[in-house]
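Asker: Mind looking over this structure? Questions follow.
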Amino acid sequence: MASKFLRYAYLLTKYPENGVVDGTSFSSGWSGLSYMRYHHFMTQIRDFPGYFEDPSVLGLRGGPTVEQEVLCAFEPEAEDLQAHYASSTALVDVERPEFEQLVHRFGLRKIEPLTMKLMDVRLAKDRSKILFPIHGPAKKPNVVGLFGWQKVKKHHQEVVLTGSEGDALAVFQETNLPALSLLSGTSHLPLEVLPLFEQFHKITVWFGNKLHDWESVKMFSRKLGEKRCHYIRPKDGYPLATLQTSKTSLLSIVRAAQPVSHKAITTFHSLRAGVADMLHNVEASAGVRWTRFPSLGRLLKGFRRGELTVFTGPTGSGKTTFMCEYSLDLCVQGVNTLWGSFEIQNERLAKIMLTQFSLISLEKHLDEFDFWADKFELLPLYFMTFHGEQSIRNVLDAMSHAVYVHDIQHVVVDNVQFMMGVGEDSSRVDRFWKQDLLVGAFRRFATQHNCHVTLVMHPRKERDSEELSNHSIFGGAKASQEADNVLILQDGRLSSSRGRKHLQVTKNRFDGDIGVVPLEFNKENLTFSGKRQPSKKAQEKGQGSASSSAEQTPPRV
Numbered sequence: 034m035a036s037k038f039l040r041y042a043y044l045l046t047k048y049p050e051n052g053v054v055d056g057t058s059f060s061s062g063w064s065g066l067s068y069m070r071y072h073h074f075m076t077q078i079r080d081f082p083g084y085f086e087d088p089s090v091l092g093l094r095g096g097p098t099v100e101q102e103v104l105c106a107f108e109p110e111a112e113d114l115q116a117h118y119a120s121s122t123a124l125v126d127v128e129r130p131e132f133e134q135l136v137h138r139f140g141l142r143k144i145e146p147l148t149m150k151l152m153d154v155r156l157a158k159d160r161s162k163i164l165f166p167i168h169g170p171a172k173k174p175n176v177v178g179l180f181g182w183q184k185v186k187k188h189h190q191e192v193v194l195t196g197s198e199g200d201a202l203a204v205f206q207e208t209n210l211p212a213l214s215l216l217s218g219t220s221h222l223p224l225e226v227l228p229l230f231e232q233f234h235k236i237t238v239w240f241g242n243k244l245h246d247w248e249s250v251k252m253f254s255r256k257l258g259e260k261r262c263h264y265i266r267p268k269d270g271y272p273l274a275t276l277q278t279s280k281t282s283l284l285s286i287v288r289a290a291q292p293v294s295h296k297a298i299t300t301f302h303s304l305r306a307g308v309a310d311m312l313h314n315v316e317a318s319a320g321v322r323w324t325r326f327p328s329l330g331r332l333l334k335g336f337r338r339g340e341l342t343v344f345t346g347p348t349g350s351g352k353t354t355f356m357c358e359y360s361l362d363l364c365v366q367g368v369n370t371l372w373g374s375f376e377i378q379n380e381r382l383a384k385i386m387l388t389q390f391s392l393i394s395l396e397k398h399l400d401e402f403d404f405w406a407d408k409f410e411l412l413p414l415y416f417m418t419f420h421g422e423q424s425i426r427n428v429l430d431a432m433s434h435a436v437y438v439h440d441i442q443h444v445v446v447d448n449v450q451f452m453m454g455v456g457e458d459s460s461r462v463d464r465f466w467k468q469d470l471l472v473g474a475f476r477r478f479a480t481q482h483n484c485h486v487t488l489v490m491h492p493r494k495e496r497d498s499e500e501l502s503n504h505s506i507f508g509g510a511k512a513s514q515e516a517d518n519v520l521i522l523q524d525g526r527l528s529s530s531r532g533r534k535h536l537q538v539t540k541n542r543f544d545g546d547i548g549v550v551p552l553e554f555n556k557e558n559l560t561f562s563g564k565r566q567p568s569k570k571a572q573e574k575g576q577g578s579a580s581s582s583a584e585q586t587p588p589r590v
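Per my numbering, numbering through the sequence shown is continuous, rising by one, with the last residue being 590.
Shown next, in the form of structure tokens:
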């Protein structure tokens, strides 16, 4: 048993439908606890905020800490891991009445004891949680684990990839096909896990009926190979929910899976489910909204993948500083971001974004640098190492690699002129033609990779008394024509001593709304949103008061 167990990378813990973490109640208790870089854990609890925490402060009331519950198969910890496993009970050995109570309590109704036995699902010693064995290619923990991998044999050529352990149990039980779920869920397909799928000729991806599930299906299919991938229509819902609430056979649904179409050809039949989902989920289809710039969200409706945004403004008006906060706002909400700044060094760029992230002047609060830097380091933010003039081929190659490996959703290029060879002895026509080629290349990249690309561009030289327009963008008309969105940072100070800066939306292909977003620059924290934040000491003082109040007032359930 010991040698077999050392193949496990994790024990995934599932808490009851109604549990408590640090005094806070949550429901629908799938709790995927994944070992992340920098030795932090990520919690993914439905109806409970997902965020990073240090293992030492995350624990269950009246029970062991997360660090004790999720034991990774490092050699020094193998004995503890084995002891944790040995103290648990196979669910198949539980008496039938208690088994029925457990599957109801954990939301696993209609999953049979035999299925639990075959998938080695176990009950913790204190009977407050169940354990799922997660297998991976290496002993060291990283987010490459697969639940259900132990049932895959060499002769298997077909597999079903699901979004959760419960869904994998349902598919395996009802179809007798190997069913897997990733430790990282549907949010990310790690590069390291791809070799595990090489033996399969057919991969059916069944993630669910939400818009982000459908986006993940397309993203995963591109990585796994579209020719062998099939998808379940969103209207068929989630496997476990379908098993529990519908009489439809899961096997018939899997057999009716549609192949991922050729990327250049589609039909309304293939689009129909997506169109219906957009109509049912208008806000979700509009994209991620900016929290720091709510007025911008009311105009553009949100940030959407696959679009091209052109951003311009007068020299020295703060284009890079604004774009830092604009992209940071999205990155904090989970939008994987890649920054390519050819004008300023990455250290300076990171300093600007860290200051905007903390909302305080870190130069005046150096004692708080590590506090904010630790939090900032956990953001899904990456930087290109280019500086100065670069060829479009090198930049696109780096972008393609980042999208493939890090699942980048937003690329910021600051700025396009540094790839045009503006310093070379070339005519104006040559430079305009080169810029049109660059814009066209970025447009194709955004479409083909379903990744939002934001291009920062310099305007033409115009009189300070006139506001910029779409025609002010340097080069020909291709930039404004290809763009889905055109944003202009207007600087009223150039024409009036009392003038102020504002952001103007001059093109919005999504629904046509255009208008002005007022901006308020805060020199202390380099933000245009006008947000301020008390120092860490003031926060801790406030939290202390809140804790005292919380001790007197029972938490809401």
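Here a beta-carbon is modelled for each residue, glycine too, at the ideal position from N, C-alpha and C.
Run through DSSP, which three-state label would Glu191 get?
Answerer: Here residue 191 corresponds to residue number 158 of the sequence shown, with the count starting at 1. Residue state, collapsed to three classes: strand.
Asker: Where does Phe165 sit, in a helix, a strand or coil, going by DSSP?
Answerer: In the sequence shown, the residue the question calls residue 165 occupies position 132. Strand at Phe165.
Asker: Here's a check: name, in chain order, each residue in its chain whose Cβ is nearer than 8 Å to the Cβ of Leu213, leaving out the five neighbours to either side.
Answerer: The residue given as residue 213 occupies position 180 in the sequence shown. Once the five neighbours on either side are set aside, the close Cβ partners of Leu213 are Leu179, Phe180, Gly181, Trp182, Val185, Val192, Val193, Leu194, Thr195 and Ala201.
Asker: Tell me the rounded alpha-carbon separation between Cys484 and Leu156.
Answerer: On the sequence shown, position 451 is the one that residue 484 refers to. On the sequence shown, position 123 is the one that residue 156 refers to. Taking the straight line joining both Cα atoms gives about 42 Å.
Asker: Would you mind sorting His245 into buried or exposed? The rule is 16 or more other CB atoms within 10 Å of its CB.
Answerer: Your numbering for residue 245 matches position 212 in the sequence shown. His245 comes out exposed.
Asker: For Val226, count neighbouring Cβ atoms within 10 angstroms of its own Cβ and tell me buried if that reaches 16, exposed if not.
Answerer: One-based indexing of the sequence shown puts residue 226 at position 193. Buried, since its Cβ has 16 or more Cβ neighbours within 10 Å.
Asker: In whole angstroms, what separates the C-alpha of Ile377 from that of Leu361?
Answerer: Taking the first residue of the sequence shown as position 1, residue 377 is located at position 344. Taking the first residue of the sequence shown as position 1, residue 361 is located at position 328. Whole-angstrom Cα-Cα distance: 17 Å.
Asker: Do the CB positions of Ala479 and Glu340 come within less than 8 Å of each other?
Answerer: Here residue 479 corresponds to residue number 446 of the sequence shown, with the count starting at 1. Here residue 340 corresponds to residue number 307 of the sequence shown, with the count starting at 1. It is a contact, given that the beta carbons lie within the stated cut-off.
Asker: Output the boundary residues of the alpha helix (DSSP H) element that contains Cys357.
Answerer: Residue numbering aside, residue 357 sits at position 324 when the sequence shown is read from its first letter. Cys357 -> alpha helix (DSSP H) spans Lys352 to Val365.
Asker: Taking the beta strand (DSSP E) that Ile521 falls in, what are its first and last residues?
Answerer: Residue numbering aside, residue 521 sits at position 488 when the sequence shown is read from its first letter. Per DSSP, Ile521 belongs to the beta strand (DSSP E) from Asn518 to Asp524.
Asker: When we look at the beta-carbon of His443 and count the other beta-carbons within 10 Å, is it buried (16 or more) or exposed?
Answerer: The residue labelled residue 443 in the question sits at position 410 within the sequence shown. When all chains shown are included, His443 counts as buried.
Asker: Could you say which of Pro267, Ile236 and Asp269 lies nearest to Phe253 if we only look at CA atoms?
Answerer: Translated into the one-based positions of the sequence shown, residue 253 becomes position 220. Minimum Cα distance to Phe253 is reached at Ile236.
Asker: The ligand NAP heavy atoms versus the CB of Met311: any closer than 7 Å?
Answerer: Only the bare structure without any ligand can be found here, which leaves the ligand NAP out of the picture.
Asker: Looking only at C-alpha atoms, which of Val154, Ser513, Val445 and Glu500 sits nearest to Leu488?
Answerer: On the sequence shown, position 455 is the one that residue 488 refers to. Measuring from the Cα of Leu488, the nearest candidate turns out to be Val445.
Asker: Please go through the same chain and pick out, in chain order, the residues whose beta-carbon is closer than 7 Å to the beta-carbon of Cys262, but skip the five residues on each side of it.
Answerer: Walking along the sequence shown from the start, residue 262 turns up at place 229. Correct list, in chain order: Ile236, Val238, Ser254 and Val293.
Asker: Out of curiosity, what's the CA-to-CA distance linking Arg464 and Ser424?
Answerer: For the purposes of this step, residue 464 is taken as the residue at position 431 of the sequence shown. For the purposes of this step, residue 424 is taken as the residue at position 391 of the sequence shown. Whole-angstrom Cα-Cα distance: 14 Å.
Asker: Which first and last residues belong to the beta strand (DSSP E) in which Asn541 is found?
Answerer: Counting from 1 along the sequence shown, the entry for residue 541 is found at position 508. From DSSP, the beta strand (DSSP E) with Asn541 extends over Lys534 to Asn541.
Asker: From this set, Gly351, Phe419 and Phe390, which residue's C-alpha is nearest Phe409's C-alpha?
Answerer: Counted from its first residue, the sequence shown places residue 409 at position 376. Closest option to Phe409, Cα to Cα, is Phe390.
Asker: According to DSSP, is Lys268 part of a helix, a strand, or is it coil?
Answerer: Taking the first residue of the sequence shown as 1, we reach residue 268 at position 235. In the structure shown, Lys268 sits in a helix (DSSP, three-state: H, G or I).
Asker: Please return the same chain residues whose Cβ sits closer than 6 Å to the Cβ of Val472, not counting the five positions on each side in sequence.
Answerer: The residue labelled residue 472 in the question sits at position 439 within the sequence shown. Same-chain partners within the cutoff: Lys511, Ala512 and Glu515.
Asker: Quick check: the segment 412–426 against the segment 369–389, are there 3 or more CB pairs under 8 Å?
Answerer: Touching, yes.
Asker: CB-CB under 6 Å to Gln523, same chain, minus the five flanking residues each way: which ones, in chain order?
Answerer: Reading the sequence shown from its first residue, position 490 is the one you call residue 523. Cβ within range, chain order: Glu500, His535 and Gln537.
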